[in-house]
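S.K.: Straight run, no breaks: the sequence shown in full-length UniProt numbering ends on number 98.
Every residue gets a Cβ at the ideal spot worked out from N, C-alpha and C, and that includes glycine.
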Amino acid sequence: MSRAKMVADRVDAGRESVGLAIFLTLVEVLMFFGFITLAVVSPATLASPLIDGSRITVAFLYGIVILVAGVLLIGVYVLVENAADSRNFRTDSAKVNR
């Protein structure tokens, strides 16, 4: 396999990972701006307790959900990219061994 073909294959793989990264980033941004929009439109909703008499508010839970979702989205990205790198490594090493 020519060096130019190997470089082209890596560029194509890079484009795929950028698309995934943009999608996952948009998911996180939408969740964050949903929180901001709720704060602007209905601050009383965010200030209300989760359970009657509780000191934990909807805003606190929403914030925790955004943080946990961010960590999970990063985990998804890492798993997908590691799997893709593993597949590329196996196919590249098989081509080199020929």
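Smallest Cα separation from L50: which of V41, D85, A39 and Y62?
M.R.: For the purposes of this step, residue 50 is taken as residue 50 along the sequence shown, with counting starting at 1. The shortest Cα separation from L50 among V41, D85, A39 and Y62 belongs to Y62.
S.K.: What's the gap between the Cα of E28 and the Cα of G53?
M.R.: By one-based count along the sequence shown, residue 28 stands at place 28. By one-based count along the sequence shown, residue 53 stands at place 53. Roughly 31 Å separates the two Cα atoms.
S.K.: Out of I74, F60 and S86, point me to the one whose CA is closest to I22's CA.
M.R.: For the purposes of this step, residue 22 is taken as the residue at position 22 of the sequence shown. Out of I74, F60 and S86, I74 has the C-alpha closest to the C-alpha of I22.
S.K.: For chain D, find out if any of its Cβ atoms is closer than 9 Å to the Cβ of G70; answer yes or no.
M.R.: Checking the listed chains, one finds no chain D in this structure; it contains a single protein chain.
S.K.: Do you know offhand how far R87's Cα is from E81's?
M.R.: Along the sequence shown, read from residue 1 onward, the residue named residue 87 stands at position 87. Along the sequence shown, read from residue 1 onward, the residue named residue 81 stands at position 81. Spanning the two alpha carbons is a distance of roughly 10 Å.
S.K.: Is the beta carbon of A84 sitting closer than 9 Å to the one on S17?
M.R.: Position 84 of the sequence shown, counting from 1, holds the residue named residue 84. Position 17 of the sequence shown, counting from 1, holds the residue named residue 17. Closer than 9 Å, so yes.
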